[in-house]
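Okay, so here's the structure we're looking at.
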Amino acid sequence: MVYSPIGLPPDFPVVGGGADFEQGDAPITFLHSHECIEFGYCYKGDGIFVIGSKVLPFHTGDVSVITPAEVHLARSAPGTSSHWAWVYVDPIRLLQLVGKEADCLAMDRLSGRKFNNLISPASDPLLGALLPEIVEELRHRRPGYQATVKGMIWSLMARLQRLAPKRGVSSSPMGSEPAMRRIAPALDLMMQAYGRRTSVTEWARRCHCSITNFRRLFHKALGKSPHEYLTELRIRMATTRLHSTRDKIVDVAMDVGFTSLSSFNRSFRTVMGCSPREWRKRQ
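Going by my numbering, the sequence shown opens with residue 32, and the numbers climb by one from there.
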């Protein structure tokens with residue numbers, strides 16, 4: 032887990048508009064965080080984001096929203112790459128709102144287990160239009176671009192509040208941060224080797240603790256057991272394959288680490304609420 036500061040300019044705390052970023056399919060080997068909000072727009076591709084305790088699939092047209100409270104990293108679907116643009120911003124310093132207007136700047140509701148950091152065009156089409164426009168304004172810096180960017184980020188933040196959990200809903204971003212840091216080596220291993228058989232013994236050894244202590248730390252950090260997390264990770268990786276390829280379901284199941292199609296189907300229905308075949312038809 033790495034803290035990676037962006038270094039926003041003090042007079043206009045926004046960075047973005049550079050060349051599109053190509054995200055490959057290399058294994059996720061570390062999680063990182065920033066001192067500001069990170070917005071992303073997926074121009075093309077499929078894959079998964081690991082954000083705190085969440086494993087979220089992404090697709091073309093999705094907008095990502097990640098606050099400083101959550102460590103994260105992305106990986107494209109195996110054998111592919113995805114193309115992204117990023118915008119980093121401190122909305123509080125940028126907009127300097129006061130009173131009731133400042134409510135839209137609350138970042139505590141834009142993280143945690145109840146907040147979906149990846150927003151599809153179906154959920155809010157305007158977000159998917161706003162972010163590329165912000166990128167273009169920052170890229171070309173036409174006259175008045177700073178005022179334009181401020182207005183669009185204000186609108187973006189206000190719309191995000193509509194998608195956030197209601198106030199009072201528990202939204203612990205990462206569980207216990209010390210526990211999260213202790214289990215980070217195990218999360219790295221799971222991401223690198225989700226398709227093969229690994230054991231709690233191997234995960235605990237990576238974290239230099241006993242199996243009992245590892246299970247306790249894992250649940251404290253993520254609110255679920257190691258095997259529950261690994262199963263969800265495998266299912267999320269499977270959804271990227273089902274979305275981006277026409278591969279046979281049984282081949283997808285074997286590649287992401289399941290030993291039988293029946294166990295894959297059961298786990299898929301538990302995590303996604305439908306069968307793999309039904310999920311693929313809806314996409």
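Beta carbons are placed, not taken as given, at the ideal position from N, Cα and C, and that holds for glycine.
Spatially closest choice to Gln314 from Ala284, Leu158, Pro88, Leu125, by CA coordinates:
Pro88
Apart from the five residues just before and just after Val302, which ones in its own chain have a Cβ nearer than 8 Å to its Cβ?
Thr262, Glu263, Ile266, Arg267
Applying the criterion that 16 or more other CB atoms from any shown protein chain within 10 Å of the CB defines a buried residue, is Leu157 buried or exposed?
exposed
Along the chain, which unbroken stretches of the alpha helix (DSSP H) at least 4 residues long are found entirely within the region 113-188?
122-126, 156-171
Specify whether the region 86-100 and the region 60-73 touch according to this definition: at least 3 beta carbon pairs, one from each stretch, less than 8 Å apart.
yes
Could you tell me the distance, in whole angstroms, from the CA atom of Ser142 to the CA atom of Asp278?
34 Å
From this set, Ser293, Val86, Gly38, Tyr74, which residue's C-alpha is nearest Asp93's C-alpha?
Tyr74
Should Trp310 be labelled buried (16 or more other beta-carbon atoms within 10 Å of its own) or exposed?
buried
Distance, Cα to Cα, Gly110 vs Leu128?
Approximately 45 Å between the Cα atoms of the pair.
In three-state DSSP terms, what is Pro196?
coil
Between His317 and Leu218, what straight-line distance do the alpha-carbon atoms span, to the nearest angstrom?
Since the first residue of the chain shown is 32 and the last is 314, residue 317 is not available in this structure.
Looking at the structure shown, is Arg277 part of a helix, part of a strand, or coil, going by DSSP?
coil
Going by beta carbon distance, what residues of the same chain come within less than 7 Å of Gly226, once the five residues before and after it are set aside?
Asp286, Val287, Gly288
Three-state secondary structure (DSSP) of Tyr260:
helix
With DSSP run on the structure shown, which of helix, strand or coil describes Pro36?
coil
Are Thr232 and Leu220 close, meaning C-beta to C-beta below 8 Å?
no
On the criterion of 16 or more Cβ atoms from any shown chain inside 10 Å, does Asn244 qualify as buried, or is it exposed?
exposed
So what's Pro88 in DSSP terms, helix, strand or just coil?
strand
Which residues DSSP lists as bridging Ser95, in chain order:
Gly71, Leu149
Span of the beta strand (DSSP E) holding Glu53?
52-54
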